[in-house]
Amino acid sequence: MITCEINPDYSSVPGSARPEVLYLVHRFPFPPNKGDRIRTFNIIRHLSTRVRLSVATLSDEPVARSELQVLSRFCHRLEVIPLGSQRRHISGLKSLLAGGSISAGMFSSPGMTQVIRNWCRQVRFDEVLLSSSSMLPCLRAPELAEIPAVADLIDVDSQKWQDYAEHTAGVRRWLYQLESRRLGALEVRPPGNVRAVTLVSQAEADLYRAVCRQHQQPVMSLRASSVRAESASPSVHAIPNGVDLEYFSPAPPATESNCVFVGAMDYRPNINGVLWFCREVFPILRRRHPQAKFQIVGRNPHRQVQKLGQLPGVEVTGSVPDVRPWVARASAVVAPLQIARGLQNKVIEAMAMAKPVIGTPEALTGLSVRSGEHILEASEPHEFAAAIERCFSDSVLCRQLGQSARRYTEQHHDWSRNLSGLSQLLMAGNWEAGVQSSSAAEEVALTDA
Numbered sequence: 120m121i122t123c124e125i126n127p128d129y130s131s132v133p134g135s136a137r138p139e140v141l142y143l144v145h146r147f148p149f150p151p152n153k154g155d156r157i158r159t160f161n162i163i164r165h166l167s168t169r170v171r172l173s174v175a176t177l178s179d180e181p182v183a184r185s186e187l188q189v190l191s192r193f194c195h196r197l198e199v200i201p202l203g204s205q206r207r208h209i210s211g212l213k214s215l216l217a218g219g220s221i222s223a224g225m226f227s228s229p230g231m232t233q234v235i236r237n238w239c240r241q242v243r244f245d246e247v248l249l250s251s252s253s254m255l256p257c258l259r260a261p262e263l264a265e266i267p268a269v270a271d272l273i274d275v276d277s278q279k280w281q282d283y284a285e286h287t288a289g290v291r292r293w294l295y296q297l298e299s300r301r302l303g304a305l306e307v308r309p310p311g312n313v314r315a316v317t318l319v320s321q322a323e324a325d326l327y328r329a330v331c332r333q334h335q336q337p338v339m340s341l342r343a344s345s346v347r348a349e350s351a352s353p354s355v356h357a358i359p360n361g362v363d364l365e366y367f368s369p370a371p372p373a374t375e376s377n378c379v380f381v382g383a384m385d386y387r388p389n390i391n392g393v394l395w396f397c398r399e400v401f402p403i404l405r406r407r408h409p410q411a412k413f414q415i416v417g418r419n420p421h422r423q424v425q426k427l428g429q430l431p432g433v434e435v436t437g438s439v440p441d442v443r444p445w446v447a448r449a450s451a452v453v454a455p456l457q458i459a460r461g462l463q464n465k466v467i468e469a470m471a472m473a474k475p476v477i478g479t480p481e482a483l484t485g486l487s488v489r490s491g492e493h494i495l496e497a498s499e500p501h502e503f504a505a506a507i508e509r510c511f512s513d514s515v516l517c518r519q520l521g522q523s524a525r526r527y528t529e530q531h532h533d534w535s536r537n538l539s540g541l542s543q544l545l546m547a548g549n550w551e552a553g554v555q556s557s558s559a560a561e562e563v564a565l566t567d568a
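Residue numbers for the sequence shown follow our numbering, so the first one is 120 and each next one is one higher.
Spelled out as structure tokens, the structure:
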């Protein structure tokens with residue numbers, strides 16, 4: 120385990136009576152270069168000026184000292200618990216054979232249990248926050264049983280596994296369906312101290328309620344206070360992701376006939392999306408625009424993705440230090456996802472840069488955008504190729520889409536405004552009046568990150 124010293128700077132920040140919050144994170148949230156990391160890092164940064172934050176995070180990758188130093192600036196306590204790949208898979212298999220969820224098993228950790236035990240001996244926590252359904256079993260620790268908790272499920276992961284099942288066959292289909300059922304049972308029946316559940320979009324919150332109804336588990340739409348009884352229901356809230364509007368600032372119009380996809384290229388929905396695009400859409404586009412290029416930008420490209428780089432006009436970059444230059448040079452940003460949950464950060468980041476975005480209905484789930492005004496929606500190959508062609512040839516359309524997209528992100532995806540709902544939820548107790556928020560301190564934190 121990697122332990123950081125207690126951050127003394129907290130004592131000098133206004134609001135000495137701030138609540139003690141324990142945040143249990145399933146993946147080390149820095150650098151914020153993929154969906155869950157983006158959300159958890161921004162939550163940590165937002166809460167750091169509002170509560171006394173102790174973060175215990177699992178990590179399935181080596182953590183650089185520089186990354187640790189950045190994150191520790193926002194935490195009163197920080198502990199990183201490594202998860203070895205072999206141990207993760209063995210734990211997942213054991214959970215499967217014991218009748219549990221593979222996902223929850225893969226993220227189970229004796230080290231996390233020990234950190235919870237040690238910290239609870241030192242601190243009286245007012246609230247527990249956790250990320251993802253895989254961390255829900257952590258709340259069964261006896262030390263946390265009486266502490267109110269908020270579960271940030273982010274997405275309804277059980278539905279993701281059902282989506283996977285619908286796009287495969289054989290043993291994998293059976294296994295994905297089984298994981299969907301078992302993880303769904305965990306999601307809708309969280310431990311009794313969970314008084315609220317948060318998700319990344321209103322669509323995902325509505326889906327969670329629907330899944331609860333399928334399991335005949337009632338949910339509440341109003342905030343619950345104090346620790347609920349095991350038979351009671353947590354309230355359900357949508358806390359949308361934001362985007363760093365300064366970092367992803369508007370880019371000048373592109374002049375080349377190229378389109379780009381940005382995402383982690385070892386993630387199955389992204390792999391399936393670019394495979395479909397290269398097989399079904401890009402050949403149509405190349406017949407009409409022989410000079411058209413498609414750039415796949417993202418870390419850890421799967422071998423299937425690497426092979427796409429052999430196709431005429433396709434470039435697979437692998438990891439890049441900054442995705443913005445690639446997005447800026449593109450005439451269109453594509454999101455050809457066939458499977459998608461929650462809210463796609465790659466889409467709102469491109470919109471913040473005022474770039475035309477063409478996406479499938481699945482990729483745009485969670486956004487209240489209108490096709491033709493903020494983005495272009497396309498589901499069929501010829502429709503998708505035609506939308507890209509419009510962006511190649513119509514500079515006025517590109518400018519209008521880009522301007523509308525930027526305004527949309529400014530109105531709907533400001534991190535501070537969106538996460539205020541989460542901080543209010545965490546501070547909805549009898550000590551709320553003693554909590555102060557330092558906007559000046561937050562501004563410094565945002566600037567230095």
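Even glycine gets a Cβ: it sits at the ideal position worked out from N, Cα and C.
query, result
"Best match in H286, R301, P256, G211 for proximity to D276 [C-alpha to C-alpha]", "R301"
"Alpha-carbon to alpha-carbon, V170 and R137", "5 Å"
"Proximity below 8 Å, CB of D282 to CB of T317", "no"
"Cutoff 6 Å; reference D179; Cβ partners in own chain excluding five residues on either side", "L202"
"Beta bridge counterpart(s) of H356 as assigned by DSSP", "T317"
"Contact under 8 Å by Cβ, P420 with G437", "yes"
"Nearest to Q530 (by Cα), restricted to the options R406, N360, W445", "N360"
"The beta strand (DSSP E) enclosing V247, as first and last residue numbers", "246-250"
"Minimum C-alpha distance to F226 - residue among G211, H334, I235, Q233", "G211"
"Other residues of its chain near S514: CB distance less than 7 Å, five sequence neighbours each side excluded", "P372"
"Assigned exposure category for R460 - 16 Cβ within 10 Å defines buried", "buried"
"Coil, strand or helix - P388 by DSSP", "helix"
"Cβ-based neighbour list, G540, same chain, cut-off 7 Å, excluding 5 preceding and 5 following", "H356, I358"
"Distance, A547 Cα to E349 Cα", "In this prediction, E349 has a pLDDT of 48, which is less than 50 and means its spatial position is unreliable; what the coordinates show is noted afterwards. Rounded to whole angstroms, E349 to A547 spans 20 Å at the Cα level."
"The ligand ADP heavy atom lying under 7 Å from the CB of F380", "For the ligand ADP, the structure offers nothing, since it holds no ligand at all."
"One or two residues paired with F478 in a DSSP bridge", "The sequence as given places Gly at residue 478; Phe does not occur at that position. A454, E496, per the DSSP bridge assignment."
"Among A264, Q519, C257, S185, the one whose alpha carbon lies nearest that of Q233", "C257"
"L258 - DSSP class collapsed to helix/strand/coil", "helix"
"Reduced DSSP secondary structure (H/G/I, E/B, other) of F193", "coil"
"Extent of the continuous beta strand (DSSP E) to which L202 belongs", "Unbroken run through L202: none, as it is neither H nor E."
"Contact under 8 Å by Cβ, W445 with Q425", "no"
"Beta strand (DSSP E) segment containing C378, residue limits", "377-381"
"Beta-bridge partners of L177, as assigned by DSSP", "I200"
"Spatial distance of E139 from S450 (CA atoms)", "47 Å"
"Coil, strand or helix - V242 by DSSP", "coil"
"8 Å CB neighbourhood of Q457 in its chain, flanking five on each side removed", "H286, P388, N391, G392, W395, T479, E481"
"N-terminal and C-terminal residue of the beta strand (DSSP E) that Y527 is part of", "Note, Y527: premise wrong, no beta strand (DSSP E); alpha helix (DSSP H) at 514-531."
"Reduced DSSP secondary structure (H/G/I, E/B, other) of G219", "coil"
"Local Cβ density within 10 Å of P309, reported as buried at 16 or more and exposed below that", "buried"
"Per-residue DSSP class, three states only, for T436", "strand"
"Candidates D245, I477, S251, T168: closest to L520 by CA position", "I477"
"Stretch-stretch touch, CB-based, cutoff 8 Å, three pairs: the region 287-295 with the region 182-200", "no"
"Beta-carbon proximity check, E298 vs I221, cutoff 8 Å", "yes"
"Euclidean distance between Cα positions of V330 and R406", "44 Å"
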